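K.L.:
Residue numbers (the numbering used here): 54 to 662.
After the structure tokens below, expect a handful of questions from me.
In structure tokens form, the structure reads like this:
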């Protein structure tokens with residue numbers, strides 16, 4: 054390719070003695086004797102005539118001064134960027150042209166400048182500092198004292214934020230940086246530029262890392278307590294931690310706890326603890342106490358954090374007394390465990406405490422404070438794991454006194470129960486089975502709240518289609534009938550509409566908000582025969598058959614009894630009623646019936662009747 058115009062061609066000086074011109078080398082894909090050739094020349098106005106003198110030929114890289122026909126040393130290097138330097142002498146205005154050519158073409162670039170306007174100072178060196186707790190003063194040196202400069206300082210904060218500070222005094226070799234945090238590490242560096250006809254900043258000095266001095270701690274510690282009634286008083290475990298608003302401003306060397314009885318003028322008692330501690334246990338009697346905790350560094354103390362423990366009531370003085378508050382259930386979310394409470398206008402803040410590891414001792418008690426207008430929160434912790442029950446206590450606080458308001462229990466995520474209910478009794482009929490099981494343990498070790506039970510039933514052969522049930526498909530695609538009991542206190546259930554003389558498999562599973570464990574073991578039952586059906590069959594078949602056999606056996610007697618050839622009035626069933634009897638004779642009154650025909654057998658017999 055033919056050469057392109059040299060890019061970024063410019064000239065500058067660092068010491069007012071030599072000028073350095075730089076430009077960017079472009080690729081032409083020609084090499085060897087066809088490589089680009091650079092010529093650097095200057096245009097001098099002399100008595101109204103222009104004279105173009107080649108300053109530099111790159112290939113060979115030598116400086117030519119035709120006015121004197123002497124060769125001056127001027128060697129350049131090209132590695133993506135080309136550069137060349139020469140002495141300024143007594144000339145301040147320069148018109149410099151760089152020409153690049155190869156067998157395919159030629160291009161030029163020109164830079165006209167005043168050396169006084171192209172000052173590029175050397176980087177400052179020997180940077181050092183003086184620090185207080187909130188201010189840092191940087192000092193430095195630089196080589197060329199003939200150039201008036203203004204300098205700039207870059208300060209990198211601990212969070213990575215960069216601040217720039219400019220000096221306002223020419224040739225000043227110091228700058229003050231105010232507004233820093235005590236006992237905090239900062240990184241700073243300095244660069245300078247010409248005070249007159251600013252061209253560009255120098256390179257940065259070597260970075261300097263320093264730390265400000267310690268200062269008085271700012272803010273207060275966040276403190277909390279846990280009270281356990283014991284014989285003759287109470288054990289109080291005190292906790293403290295540094296909040297984001299608290300600034301140690303140095304290295305904390307100790308925490309001082311002051312205990313003062315409110316109800317008399319006794320002397321306060323102070324205890325100092327090493328900075329490695331964040332809790333302590335003390336014993337107090339049943340009086341009211343004011344407890345304050347401060348942090349101490351090498352300079353001073355922080356402001357005191359205060360809490361007041363009220364006088365123990367008569368009920369709370371018992372070692373075995375407990376606060377009777379019903380524990381409400383709370384639910385886990387993707388972000389933590391959601392807790393809500395009923396706000397009370399008398400309190401100016403609320404505190405929630407919990408244990409990160411409720412199954413261990415110590416349990417790593419944690420707490421969090423909320424404003425008076427807050428009535429719900431999501432409690433999150435890296436220690437929360439699924440299947441562990443966490444207990445939360447909600448306190449209302451006013452004038453540094455805290456009162457327990459509510460208790461909550463919940464899981465980050467519920468898991469299925471560990472065990473199945475133990476079925477103790479099975480009562481069978483021909484079409485039903487009644488299952489009875491023990492009360493399911495709902496202690497703290499359970500991985501979820503038991504919400505109820507599922508009863509699964511299926512015949513050994515064929516599918517299940519019992520009335521009132523839902524279909525449940527197992528992983529092996531077998532089908533079960535499913536009954537749901539949503540009362541976790543229920544311990545008995547009857548499955549109806551079974552078939553007599555049939556073998557069934559059955560199981561009872563407890564379920565939580567996390568579901569239930571897979572079905573592994575079944576209990577097998579056999580329904581008995583239907584005896585009522587047997588009785589019915591007996592009456593419907595056996596009895597008529599027996600009667601028919603007897604009748605066949607006594608045919609003559611039956612015929613004489615039921616269908617005589619000549620009926621006898623004495624054998625008539627109609628005349629067996631009381632109203633048809635006179636003494637021992639059976640009498641049929643003529644007026645009681647309407648005969649179709651009347652026949653007289655004989656006068657004597659008629660007279661007798």
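Beta carbons: idealized from backbone N, C-alpha and C, even for Gly.
Keep in mind that this is a model prediction, so the values were computed, not measured.
1) Please state the DSSP three-state secondary structure of residue 76.
2) Output the boundary residues of the beta strand (DSSP E) element that contains residue 281.
3) Cα-Cα, which of 163, 302, 304, 274 is closest to residue 293?
4) Nearest to residue 167 by CA position, among 148, 509, 350, is which residue?
5) For residue 554 versus residue 532, is the C-beta distance shorter than 8 Å?
6) Does the count of Cβ pairs from the region 255–266 and the region 174–191 closer than 8 Å reach three?
7) Please report the residue range of the alpha helix (DSSP H) in which residue 4 lies.
8) Tell me, please, whether the region 134–147 touches the region 210–223 by the rule of three or more beta-carbon pairs shorter than 8 Å.
9) Please report the residue range of the beta strand (DSSP E) in which residue 311 lies.
10) Apart from the five residues on each side of it in sequence, which residues of its chain come closer than 8 Å, Cβ to Cβ, to residue 399?
11) Applying the criterion that 16 or more other CB atoms from any shown protein chain within 10 Å of the CB defines a buried residue, is residue 461 buried or exposed?
12) Just to check my reading of the structure: residue 411 and residue 442 have Cβ atoms closer than 8 Å, yes? What is that Cβ distance to the nearest angstrom?
13) If distances are taken between C-alpha atoms only, which option among 226, 237, 200, 192 comes closest to residue 209?
14) Using 10 angstroms around the beta-carbon of residue 406, count the other beta-carbons present and answer buried if the total reaches 16, otherwise exposed.
15) From this set, 408, 332, 337, 328, which residue's C-alpha is nearest residue 322's C-alpha?
16) Distance, Cα to Cα, residue 359 vs residue 244?
17) What first and last residue would you give for the alpha helix (DSSP H) that runs through residue 605?
18) Pick helix, strand or coil for residue 87, following the three-state DSSP scheme.
19) Closest by CA to residue 241, which one among 248, 235, 252, 213?
20) When DSSP labels each residue in this structure, what does residue 593 get in the three-state scheme?
21) Please determine, among 434, 253, 565, 187, the residue with the shortest C-alpha to C-alpha distance to residue 65.
22) What beta strand (DSSP E) runs, 3 residues minimum, are completely inside the region 188–257?
23) Would you mind sorting residue 284 into buried or exposed? The rule is 16 or more other CB atoms within 10 Å of its CB.
24) Select from 361, 526, 347, 184 the residue whose C-alpha is nearest the C-alpha of residue 340.
25) For residue 548 and residue 541, what's the separation of their Cα atoms in angstroms?
26) Looking at residue 667: is its Cβ nearer than 8 Å to the Cβ of residue 268?
27) By the DSSP assignment, the beta strand (DSSP E) with residue 512 in it spans what residues?
28) Are the CB atoms of residue 56 and residue 151 nearer to each other than 8 Å?
29) With residue 560 as the anchor, note down where its beta strand (DSSP E) starts and where it stops.
30) Do you know how far the Cα of residue 248 is from the Cα of residue 223?
31) Tell me residue 38's beta-bridge partners as DSSP assigns them.
32) With DSSP as the reference, please indicate the residues paired to residue 155 in a beta bridge.
33) Assuming contact is defined by CB atoms lying nearer than 8 Å, are residue 328 and residue 345 in contact in what I supplied?
34) Give the single residue among 464, 551, 132 whose Cα lies nearest to the Cα of residue 487.
35) Shortest alpha-carbon distance to residue 572 belongs to which of 565, 559, 499?
36) Buried or exposed: which applies to residue 565, given that a residue is buried once 16 or more other Cβ atoms fall within 10 Å of its Cβ?
P.N.:
Reading it off the structure:
1) strand
2) 275–283
3) 274
4) 148
5) no
6) yes
7) Only positions 54 to 662 of the chain appear in this structure, which leaves residue 4 out of reach.
8) no
9) 307–314
10) 449, 451
11) buried
12) 7 Å
13) 237
14) buried
15) 337
16) 50 Å
17) 596–606
18) helix
19) 213
20) helix
21) 253
22) 189–194, 202–209, 215–219, 227–230, 238–247
23) exposed
24) 361
25) 18 Å
26) With the chain covering only 54 through 662, there is no way to say anything about residue 667.
27) 503–512
28) no
29) 556–565
30) 7 Å
31) Since the displayed the chain opens at 54 and closes at 662, residue 38 lies outside it and no answer follows.
32) 158
33) no
34) 551
35) 559
36) buried
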